[in-house]
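K.L.:
My questions will all concern the structure given below.
Protein chains: 2
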Amino acid sequence: MRNLLMTVSYDGTNYFGFQTQPGGNTVQDHIEEAIHQLTGEQLKIHGSGRTDAGVHARQQPFHFHTTSQIPVERWCLALNGRLPSDIRVLTAQEVPLTFHSRRSAKRKTYRYSINGNRIIDVFQRNYQFHHPGKLNVDAMQQSLPYLIGTHDFTSFASRHSTKASHVRTIYDTRIVVDSSGNIPGTTSQGILHFYVTGNGFLQHMVRIIMGTLLEIGEGKRAPESMKTTLEAMDRKTAGPTAESKGLMLWSVEYDEITG
Amino acid sequence: MRNLLMTVSYDGTNYFGFQTQPGGNTVQDHIEEAIHQLTGEQLKIHGSGRTDAGVHARQQPFHFHTTSQIPVERWCLALNGRLPSDIRVLTAQEVPLTFHSRRSAKRKTYRYSINGNRIIDVFQRNYQFHHPGKLNVDAMQQSLPYLIGTHDFTSFASRHSTKASHVRTIYDTRIVVDSSGNIPGTTSQGILHFYVTGNGFLQHMVRIIMGTLLEIGEGKRAPESMKTTLEAMDRKTAGPTAESKGLMLWSVEYDEITG
Numbered sequence: 001m002r003n004l005l006m007t008v009s010y011d012g013t014n015y016f017g018f019q020t021q022p023g024g025n026t027v028q029d030h031i032e033e034a035i036h037q038l039t040g041e042q043l044k045i046h047g048s049g050r051t052d053a054g055v056h057a058r059q060q061p062f063h064f065h066t067t068s069q070i071p072v073e074r075w076c077l078a079l080n081g082r083l084p085s086d087i088r089v090l091t092a093q094e095v096p097l098t099f100h101s102r103r104s105a106k107r108k109t110y111r112y113s114i115n116g117n118r119i120i121d122v123f124q125r126n127y128q129f130h131h132p133g134k135l136n137v138d139a140m141q142q143s144l145p146y147l148i149g150t151h152d153f154t155s156f157a158s159r160h161s162t163k164a165s166h167v168r169t170i171y172d173t174r175i176v177v178d179s180s181g182n183i184p185g186t187t188s189q190g191i192l193h194f195y196v197t198g199n200g201f202l203q204h205m206v207r208i209i210m211g212t213l214l215e216i217g218e219g220k221r222a223p224e225s226m227k228t229t230l231e232a233m234d235r236k237t238a239g240p241t242a243e244s245k246g247l248m249l250w251s252v253e254y255d256e257i258t259g
Numbered sequence: 001m002r003n004l005l006m007t008v009s010y011d012g013t014n015y016f017g018f019q020t021q022p023g024g025n026t027v028q029d030h031i032e033e034a035i036h037q038l039t040g041e042q043l044k045i046h047g048s049g050r051t052d053a054g055v056h057a058r059q060q061p062f063h064f065h066t067t068s069q070i071p072v073e074r075w076c077l078a079l080n081g082r083l084p085s086d087i088r089v090l091t092a093q094e095v096p097l098t099f100h101s102r103r104s105a106k107r108k109t110y111r112y113s114i115n116g117n118r119i120i121d122v123f124q125r126n127y128q129f130h131h132p133g134k135l136n137v138d139a140m141q142q143s144l145p146y147l148i149g150t151h152d153f154t155s156f157a158s159r160h161s162t163k164a165s166h167v168r169t170i171y172d173t174r175i176v177v178d179s180s181g182n183i184p185g186t187t188s189q190g191i192l193h194f195y196v197t198g199n200g201f202l203q204h205m206v207r208i209i210m211g212t213l214l215e216i217g218e219g220k221r222a223p224e225s226m227k228t229t230l231e232a233m234d235r236k237t238a239g240p241t242a243e244s245k246g247l248m249l250w251s252v253e254y255d256e257i258t259g
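Chains as they are written, first to last, in the UniProt record's numbering: chain A, 1 to 259; chain B, 1 to 259.
Shown next as structure tokens:
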């Protein structure tokens, strides 16, 4: 028995998220089917976490146990030949049997992208939330330090969260405004990318933080409301859940993997 | 009667090119239908040129004559509300009645994008040609100066070209290699963007130049073959026509527009 760790990139537009659902058509389903076609094994893969329907992944790890003897360097091309073109396995390595893509994860980073221009970018239409209204980025920046550290994030979790604890640690947040792609003659605020890194995230957590940040940017709430919202530990004190298509799992980091 | 000049951006994946075809489903058809819905007029728009099926446009000008009195600043949002999400009108301005988006054009720039990485980028899968094989970019660069200037481009034109003259002037060519998006742990050459600017382009011309450039990059022909191919004035001496999805009309430039 071998334990294989792989990373996958996917355009989530056409999927009901990563993890298998009763309704089918998830990224996990497609990967398991590709493995079945390749090795004949009907096995379960284990993702580093879930993603919601419509959310994308630049690089999401998953692992599984296999009896297949296919050399590790041949797995990527073999699986990609059996996957739809919006799902691609990027890397594959053999890891100790004790390694677990979710439990061993140390840091996860998500990116949420907002198109602040008057008109959407047709080439990014499934990957950016369109918000042409004026955003006060300074106010948004001022609210971010309140998120850093270890807090109970109940205010920023879906009411349907089933986790025993809502305590998570945020290590880093960052807003990057990119105006490099602006087309001459079009009015625009550019693209706003919000990056957030933590030890783990609750259901809808990044999207609710984003919804709250947007209300701060719109002047509907003060930057300090990020602090009072956290302290309230009540979902209704936060902003709305931002649309899923702007969200991308950016990276998942592990400590050095040893046997 | 007013003459309106607009620019449009489109993801060409789902269209049979810009210009109206007997089979329908072109970008022009959708824009004319949106104008019809908005003003009631059944008119013809005039593009700055054609694009092949599957080719994209970052910014393509078109113009049309209208009796509508809708203020020019309201046209973009009004048309975009009636267009599919992969077609967006970016700018609109009133121009003299003598202005013609194709005949008045001075310089056109196309970009052709190649993904040289081992595995495609799922988010760019419809906008990049995948070429994981090793490319000698230096050899490709060496061949580019032969294209500059005024030449008969018969070797680089579709055999179905109906133009009386195949003489065109190329002002500038450029290859930009972008490795910024490379994902750690994946092997890659990065993304190669080829930009070419000229006073006009024949049918398939950029794609045939690209197909020839690729053979030079693969070592199948010498950089100097760009010169001998041009001189031969024979389509069969050039490389194959590169896939349409990597091609994007980048920009069209005019002299200052005056009345």
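We treat Cβ as the ideally placed atom computed from N, Cα and C, and that holds for glycine.
Keep in mind it's a predicted model, so treat the numbers as computed, not measured.
How about residue 262 of chain B: is its C-beta nearer than 8 Å to some C-beta of chain A?
P.N.:
This structure cannot speak to residue 262 of chain B, because chain B is shown only from 1 to 259.
K.L.:
Run through DSSP, which three-state label would B/ASN80 get?
P.N.:
Within the second sequence, the letter at position 80 stands for residue 80 of chain B. In this structure, B/ASN80 counts as helix in the three-state DSSP scheme.
K.L.:
So, is the C-beta of B/ARG82 closer than 8 Å to a C-beta in chain A?
P.N.:
Locating residue 82 of chain B in the second sequence gives position 82, where the first residue counts as 1. No, no contact with chain A.
K.L.:
Please confirm whether A/ILE257 has its beta-carbon closer than 8 Å to some beta-carbon of chain B.
P.N.:
Stepping through the first sequence from its first residue, residue 257 of chain A is reached at position 257. No, because no Cβ of chain B sits closer than 8 Å to the Cβ of A/ILE257.
K.L.:
Would you say B/ILE183 and A/GLN28 are within 8 Å of each other, going by their C-beta atoms?
P.N.:
What you label residue 183 of chain B is simply residue 183 of the second sequence in a count that begins at 1. What you label residue 28 of chain A is simply residue 28 of the first sequence in a count that begins at 1. Not in contact: B/ILE183 and A/GLN28 (Cβ atoms no closer than 8 Å).
K.L.:
Looking at the C-beta of B/ILE119, does it have a partner C-beta in chain A at a distance below 8 Å?
P.N.:
Residue numbering aside, residue 119 of chain B sits at position 119 when the second sequence is read from its first letter. So yes, B/ILE119 belongs to the interface.
K.L.:
Going by CA-CA distance only, name the one from A/LEU97, A/HIS30, A/GLU231 that's closest to A/GLY81.
P.N.:
Working through the first sequence from its first residue, we reach residue 81 of chain A at position 81. It is A/HIS30.
K.L.:
Would a check of beta-carbon distances place A/LEU90 closer than 8 Å to chain B?
P.N.:
Here residue 90 of chain A corresponds to residue number 90 of the first sequence, with the count starting at 1. Yes, because at least one Cβ of chain B sits closer than 8 Å to the Cβ of A/LEU90.
K.L.:
Using the three-state DSSP reduction, which class does A/GLU32 fall into: helix, strand or coil?
P.N.:
Position 32 of the first sequence, counting from 1, holds the residue named residue 32 of chain A. It is helical.
K.L.:
Using a Cβ-Cβ distance under 8 Å, would B/SER101 count as near chain A?
P.N.:
Counting from one through the second sequence, the residue named residue 101 of chain B turns up at place 101. Cβ-Cβ to chain A under 8 Å: no for B/SER101.
K.L.:
A/GLY259 to A/THR98, Cα distance in whole Å?
P.N.:
Counting from one through the first sequence, the residue named residue 259 of chain A turns up at place 259. Counting from one through the first sequence, the residue named residue 98 of chain A turns up at place 98. At A/GLY259, the pLDDT of 49 sits below 50, so the modelled position is not reliable; the number obtained from the coordinates is stated separately. The alpha-carbon atoms of A/GLY259 and A/THR98 are separated by roughly 8 Å.
K.L.:
Going by the CB atoms, is the gap between A/ARG88 and B/ILE120 shorter than 8 Å?
P.N.:
As a working mapping, residue 120 of chain B is identified with position 120 in the second sequence. As a working mapping, residue 88 of chain A is identified with position 88 in the first sequence. In this structure, B/ILE120 lies near A/ARG88, with their beta-carbon atoms less than 8 Å apart.
K.L.:
Buried or exposed: where does A/LEU135 fall if 16 or more other Cβ atoms within 10 Å of its Cβ makes it buried?
P.N.:
What you label residue 135 of chain A is simply residue 135 of the first sequence in a count that begins at 1. Buried is the call here.
K.L.:
What do you reckon, are the CB atoms on B/VAL196 and B/TYR127 nearer than 8 Å?
P.N.:
Position 196 of the second sequence, counted from the start, is the residue given in the question as residue 196 of chain B. Position 127 of the second sequence, counted from the start, is the residue given in the question as residue 127 of chain B. For B/VAL196 and B/TYR127, no; Cβs fall outside 8 Å.
K.L.:
Looking only at its own chain, which residues have a Cβ that is under 8 Å from the Cβ of B/LEU83, when we skip the five neighbours before and after it?
P.N.:
Mapped onto the second sequence, residue 83 of chain B falls at position 83. Answer for B/LEU83: HIS30, ILE31, ALA34, VAL89, listed in chain order.
K.L.:
Just to make sure I have the definition right: I need the residues of chain B whose C-beta is within less than 7 Å of the C-beta of A/TYR10. Which are they?
P.N.:
Translated into positions along the first sequence, residue 10 of chain A becomes position 10. The CB of A/TYR10 comes closer than 7 Å to the CB of VAL122 in chain B, given here in chain order.
K.L.:
According to DSSP, B/PRO61 sits in a beta bridge with which residue or residues?
P.N.:
Stepping through the second sequence from its first residue, residue 61 of chain B is reached at position 61. B/PRO61 pairs with B/THR7.
K.L.:
Does B/SER225 come out as helix, strand or coil in the three-state DSSP assignment?
P.N.:
Position 225 of the second sequence, counted from the first residue, corresponds to residue 225 of chain B. Three-state result, B/SER225: helix.
K.L.:
Just list the residues that DSSP pairs B/LYS108 with in beta bridges.
P.N.:
Within the second sequence, residue 108 of chain B is the residue found at index 108, counting from 1. The partner list for B/LYS108 (beta bridge, DSSP) reads B/GLY198, B/VAL252.
K.L.:
Work out the CA separation of B/GLY200 and B/MET233 for me, nearest whole Å.
P.N.:
Locating residue 233 of chain B in the second sequence gives position 233, where the first residue counts as 1. Locating residue 200 of chain B in the second sequence gives position 200, where the first residue counts as 1. Answer to the nearest angstrom: the Cα atoms are 18 Å apart.
K.L.:
Comparing C-alpha positions only, which one of A/LYS163, A/VAL176, A/THR150 sits nearest to A/SER113?
P.N.:
For this step, residue 113 of chain A is matched to residue 113 along the first sequence. The option with the nearest alpha carbon to A/SER113 is A/VAL176.
K.L.:
Less than 7 Å separating the Cβ of A/HIS65 from some heavy atom of the ligand FAD?
P.N.:
By its list of ligands, the structure shown contains no ligand whatsoever, and the ligand FAD lies outside what it can speak to.
K.L.:
Relative to the C-alpha of A/GLN69, which candidate in A/LEU4, A/GLY219, A/GLN124, A/ALA222 has its C-alpha closest?
P.N.:
Translated into the one-based positions of the first sequence, residue 69 of chain A becomes position 69. Taking the Cα of A/GLN69 as reference, the smallest distance to any Cα among A/LEU4, A/GLY219, A/GLN124, A/ALA222 is reached at A/LEU4.
K.L.:
For chain A, is any of its Cβ atoms less than 8 Å away from the one on B/GLN59?
P.N.:
Counting from 1 along the second sequence, the entry for residue 59 of chain B is found at position 59. Cβ-Cβ to chain A under 8 Å: yes for B/GLN59.
K.L.:
From this set, A/GLN19, A/ALA238, A/GLN141, A/PHE153, which residue's C-alpha is nearest A/HIS193's C-alpha?
P.N.:
Working through the first sequence from its first residue, we reach residue 193 of chain A at position 193. The candidate whose alpha carbon is nearest that of A/HIS193 is A/GLN141.
K.L.:
Please report the residue range of the beta strand (DSSP E) in which A/THR98 lies.
P.N.:
On the first sequence, position 98 is the one that residue 98 of chain A refers to. It is not in any beta strand (DSSP E) - A/THR98 carries neither H nor E in the DSSP assignment.
K.L.:
List the residues of chain B that A/SER85 touches, going by C-beta distances under 8 Å, in chain order.
P.N.:
Taking the first sequence and counting its residues from 1, one reaches residue 85 of chain A at position 85. Ordered by position in chain B, the residues that pass the 8 Å Cβ test against A/SER85 are ILE120, VAL122, ARG125.
K.L.:
Contact check, A/SER244 vs A/ALA53 under 8 Å by CB: the rounded distance?
P.N.:
Counting from 1 along the first sequence, the entry for residue 244 of chain A is found at position 244. Counting from 1 along the first sequence, the entry for residue 53 of chain A is found at position 53. Right, their Cβ atoms sit about 6 Å apart.
K.L.:
Using DSSP's beta-bridge definition, name the partner residues of B/LEU192.
P.N.:
Taking the first residue of the second sequence as 1, we reach residue 192 of chain B at position 192. Residue pairing for B/LEU192: DSSP places it in a beta bridge opposite B/ILE114, B/VAL177.
K.L.:
Using the Cα positions of B/THR241 and B/ILE45, report the straight-line distance between them to the nearest angstrom.
P.N.:
In the second sequence, residue 241 of chain B corresponds to position 241, counting from 1. In the second sequence, residue 45 of chain B corresponds to position 45, counting from 1. Those two C-alpha atoms are separated by around 29 Å.
K.L.:
Can you check whether the C-beta of B/ILE183 is within less than 8 Å of a C-beta belonging to chain A?
P.N.:
In the second sequence, counting from the first residue as 1, residue 183 of chain B sits at position 183. Yes, contact with chain A.
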